[in-house]
Each structure stands twice: as structure tokens, then as C-alpha cells.
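> Numbering (the numbering used here), first residue to last: 143 to 689. Dropping the structure in here first, questions after.
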């Protein structure tokens, strides 16, 4: 854990120096857990109450991906928007920041409000207090019957969490603690308020596990000047790291960079999981539907029995006993006796017509079932292709394009329009001769690359008899073997056969390609092709210059 009480103390000081006496112009909602406070300065205050990404910091980036504000966001607007930030402080030597805000109340009088941000991981919360420090609302309410240590609900006084640990600046008590012969980093975390395992480990290691040096190192760290440092996936307000350090001018700049990367990765995982689950569910549903259609088709194809029953009733009119609900008649066509149910109240002709009508319905149903089976098989193929694309793509833009395709094909509900459509996120490579090669990695990209981007005399490459990427060399010139092999390698590597050898790759001019009407995805037919056999080589692809 990089954000601890010491980190929050320095962060609060930084935010205070940059926001004191600034106005909150606009409060927006970025997601269910994320809010943006637009300030009268060039920066905004970003606040996230996400379980894994909880934080608060200043940001310079402009955010356009706003969502419709929820009830809590509307509450924040009512009480805090247009207010002036009077000061920012950390509380209780813990991961708590308080913003003191002056604003007009419902009757127009100037009053003070307190915005408390508790950065406690999955217990992260935003609590609004009035000038008497009474809770008027909170993002997460905790009621008495929930059995928690603290209660947070409207109308009660706000209380800080109490854990009876040592104040980190109570150096006398800290020194006595660190004199223990068997002191460990866990002792520091458990007994000193606002100390993270990251800080404690650095103290113990620099002291070389010697108790007589522990307090000296602790005191040195506590009085270091702020030097925002990031190393791999960890960061702190001072440099506690041994390698791979990246330094920043402010804590907010460091947090913005770190959590932008973390948020992007989290978003990729989220979209990947959503798409995979959705596609697998639809694939399973279609496979089940296909089995049912096969069963229905088998029953419909065996519909001759209804015609035979109708014929037998007409041919053996004189043998039918109207007092019985069924009759047994011998069929020379089937070479066996057939049991036929009859309506005792109907005449033989009406009973025969009942079976003839069933026969006609089943006969007409065959064509419908066969048509449904054909459509379902296409959909199964489409979803299998999409699943392959999702599993081979871990780029957010590529995944969002697959999501967009599902929306366009009406599998997913349509989102609100965000303006004009974007150009798909296809890959661009340059071979050693300088020719540009473009690669589509999903159906949207494939369709765009082949049918919109490429000209008729450009050369198009695709793995033979399989779904895969559309690859186009962006020139009408005759191609050298070097370029042909580079494009064929890209087509082979971006297909199901990327781990095979001697993969057949067809290539032809774009003018010989036609989109197959009524087909899902990016299926095409083509003529005048040549074929090259290639062993997919990732190392050769790495040598290509990527645009």
C-alpha cells in the first residue's frame, strides 16, 4: 500500500497550497465511483471512491467521458458547487482529507461545509458535514445494525476512527517502541498510526534490522523533503526505492500518471471480461438452439406418418368403430399395424383431415427450420470468431470496437452518441523497403481496411479457409518478395494458425474481393489469388517498424 497517513499528510498540504481560496465551478460524474471538481484554476480535483483505485488528487487533463449525474452528484452540486475552498487538511494522522468550503445555504446565508474524504480501500467514502460537523449526506452509509465499529448516516455527529495507535510524531513513544530487541516491520504498522508496510519495510531494511538504529532511520524518513517517486507499480512521497525510480514534480502529477495506467488496465480487464462472458453466453445459447432445431427437423422430416394415418382412415372407413377413441389399421406402406387416435364425435373424413393438416404444417415447417438452422450456424461461427478476436486483443480501443460492433448488430443496447464515429484502431507496419502494411484485428477494422481504406490495385492478404486479419499493402506497385513475405507473416500470425507451420496465405488485388451479402462479421469472397506458405515468425514481426 503506497497511500498511507504520511502520504496523505503531504498530499493535503500540496492540494491546500494550490486550491486555497479557489472556487468550485462544476461538479461532474465520470463513473459510478469517480467525481471531478472543476476549479477556477487550470486544474481540477479528481476524486475516486473505487474499491481498488480510491484516491484524490489534482489533474490537468480534460475529461469528456462524463456520465449522467446520479443522486449523490446532484447533492454535491446543490451544497458545494460555486463554493470557495477555504483550506485542505489531513485528519487523525490517517488516510483522511478534509476540505473546508464556504458556500450559501438554501436560504442564501453564507455558511461552511466540510467535505471528508476517507481513502480506506473498499471502505472509501465521501461524507458531507454542516457547520456543526453533523453528517448531512454520505456516499456510503453505515447504520448501527450493520455491526461496524463506526456509524455513518444523516443527522449524527461525524466521528473519526479510533485505533489507539501511537501518533507518528510522538517521537518519545515511537523511540520506546523501536527499542524492542525483536522489532519487526509489522510492529511499526500495527502500533504507529498512518504507517504503511512500504514505509515500515524501508525503515527496517535501512536500519539493517538493528534496533539501536531503527529510531534514527525513522526520524530521518519522517523529516525528509517531499520527492514524489514511482518505481514499477509502487510510489511514495519520498524515494524509498532501490531501482527503476521515476521522479515527479508534484504528488498529484505522480498519482495522475500512476492511476491513469492502473485505470486503463482495470478498464481493459473489465471490458474483456464483459465481452467474453456475453459472447460465451450467446454462443452457448445458439448451440443449444441448434440442437433443438435439429430435433425439430428430425421430427418434421418423419411427418409421413400423419399422411399415412389420414390415408388409412379414408381407405378403411367401414372398419372404424366410432365407439372407440383409437383404431388399429394395417399399413402396407409401413408393413405393420398402426394405432390411430380418433375423435369419436367427428366423422372419418374430419378425422382424416386432421392428420392431413398436421402433415401439411410439418412439411412447411421443414423449410423454416432449415432456414433457422442456417442463420444459427452463421451466428455460431460469428461468435466463435469474435471470441477468438477478444482473446487475442488486450488493447482497450480494439475491445471497445468489438463492443461497438455488437451494438451495431443489435446484440448490445445502443449507447448515447458521442459525436462522429472514429476511425478504427488498425495496426500499421513498415517493412524494410519502407512499404506500409495495415492489419485489421477485428471485424470493424477488417471491413474498414479492406472496403474503405484500401484502393482497388492494393494487394490484400488473408489466411486460407480460416477467419483472421485482413492485411493490405498500401501501394499499387509490384511487390518484392520481401514485402510479400512480411505481409503474409502478419496475416499468418494474426490468425488461429499462428502456432502452426507452412500456413497457406492467399493474396490478391483488392478489386477481386467482394463482401458476402447477409454474412456476419467481415467474411468476403475473392478470386485471382495466389498462395504462399509461411511459417509465422514473431521475431520477424518485431523487426518491422510499427507506425
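Even for Gly, the Cβ is constructed at its ideal location relative to N, Cα and C.
Pull up the distance between the alpha-carbon of residue 367 and that of residue 336, whole angstroms please.
Residue 367 and residue 336: Cα-Cα distance of roughly 18 Å.
> What residues are listed by DSSP as bridge partners for residue 668?
Per DSSP, 655.
> Flag residue 580 as yes when its Cβ comes closer than 7 Å to any non-hydrogen atom of the ligand COA, and as no otherwise.
By its list of ligands, the structure shown contains no ligand whatsoever, and the ligand COA lies outside what it can speak to.
> Tell whether a beta-carbon distance below 8 Å holds between residue 652 and residue 575.
Not closer than 8 Å, so no.
> Given residue 631, which residues of its chain have a CB within under 7 Å of its CB, disregarding the five upstream and five downstream residues?
The residues are 676, 678, 679, 682 and 683.
> When you compare only the Cα positions, how much space is there between residue 241 and residue 326?
Between residue 241 and residue 326, the C-alpha separation is close to 36 Å.
> Taking only the alpha-carbon atoms, compute the straight-line gap between residue 551 and residue 586 and give it to the nearest angstrom.
Distance between the alpha carbons of residue 551 and residue 586 is about 11 Å.
> Going by CA-CA distance only, name the one from 595, 590, 419 and 165 that's closest to residue 184.
Out of 595, 590, 419 and 165, 165 has the C-alpha closest to the C-alpha of residue 184.
> Classify residue 180 as helix, strand or coil using the three-state DSSP reduction.
Note: residue 180 maps to strand in three-state DSSP.
> When the distance is taken between beta carbons, is residue 522 closer than 8 Å to residue 417?
No, the Cβ-Cβ distance between residue 417 and residue 522 is not below 8 Å.
> Among the candidates 664, 357 and 635, whose CA atom is the shortest distance from the CA of residue 591?
Looking at the Cα atoms, 664 is the closest of the given residues.
> Is it the case that the region 475-482 contacts the region 447-459, given that we only count it when at least three CB pairs across the two stretches are under 8 Å?
Touching, per the Cβ criterion.
> Span of the alpha helix (DSSP H) holding residue 601?
Per DSSP, residue 601 belongs to no alpha helix (DSSP H); it is in the beta strand (DSSP E), 601-605.
> Using 8 Å as the threshold, is the C-beta distance between residue 243 and residue 267 below it?
Result no, Cβ atoms of residue 243 and residue 267 do not sit closer than 8 Å.
> Apply the 10 Å Cβ neighbour rule to residue 446 and answer buried if 16 or more other Cβ atoms are within range, or exposed otherwise.
With fewer than 16 Cβ atoms within 10 Å of its Cβ, residue 446 is classed as exposed.
> At the level of alpha carbons, what is the spacing between residue 231 and residue 297?
Those two C-alpha atoms are separated by around 24 Å.
> Contact between the region 315-322 and the region 277-286 is defined here as three or more beta-carbon pairs at a separation below 8 Å; is this criterion met?
Touching, no, given that fewer than three Cβ pairs across the two stretches are closer than 8 Å.
> Can you tell me where the alpha helix (DSSP H) with residue 390 in it begins and where it stops?
Segment: none, residue 390 is in no alpha helix (DSSP H) and carries neither H nor E.
> Whole-angstrom Cβ separation of residue 471 and residue 454, contact assumed at under 8 Å?
Indeed they touch by this definition, with Cβ atoms about 4 Å apart.
> If residue 235 and residue 309 are in contact, beta carbons under 8 Å, what's the gap, nearest whole angstrom?
Contact holds; Cβ gap of about 6 Å.
> Kindly identify the DSSP beta-bridge partner or partners of residue 300.
Paired residue(s): none; residue 300 is not in a bridge.
> Express the C-alpha separation of residue 425 and residue 526 in angstroms, rounding to a whole number.
So the two alpha carbons sit approximately 7 Å from each other.
> Taking only three categories from DSSP, how would you classify residue 253?
Reduced to three states, the DSSP call for residue 253 is strand.
> Just confirm the distance between the C-beta atoms of residue 379 and residue 627, as a whole number of angstroms; I'd bet it's less than 8 Å.
About 53 Å separates the two Cβ atoms, so there is no contact after all.
> What are the start and end residues of each continuous beta strand (DSSP E) run of 3 or more residues lying completely inside the region 475-560, in chain order?
Taking only runs of at least 3 residues, the beta strand (DSSP E) segments lying wholly in the region 475-560 are 478-483.
> I believe residue 156 touches residue 394 by the beta-carbon criterion, under 8 Å. Please report the beta-carbon distance rounded to the nearest angstrom.
About 7 Å separates the two Cβ atoms, so the contact holds.
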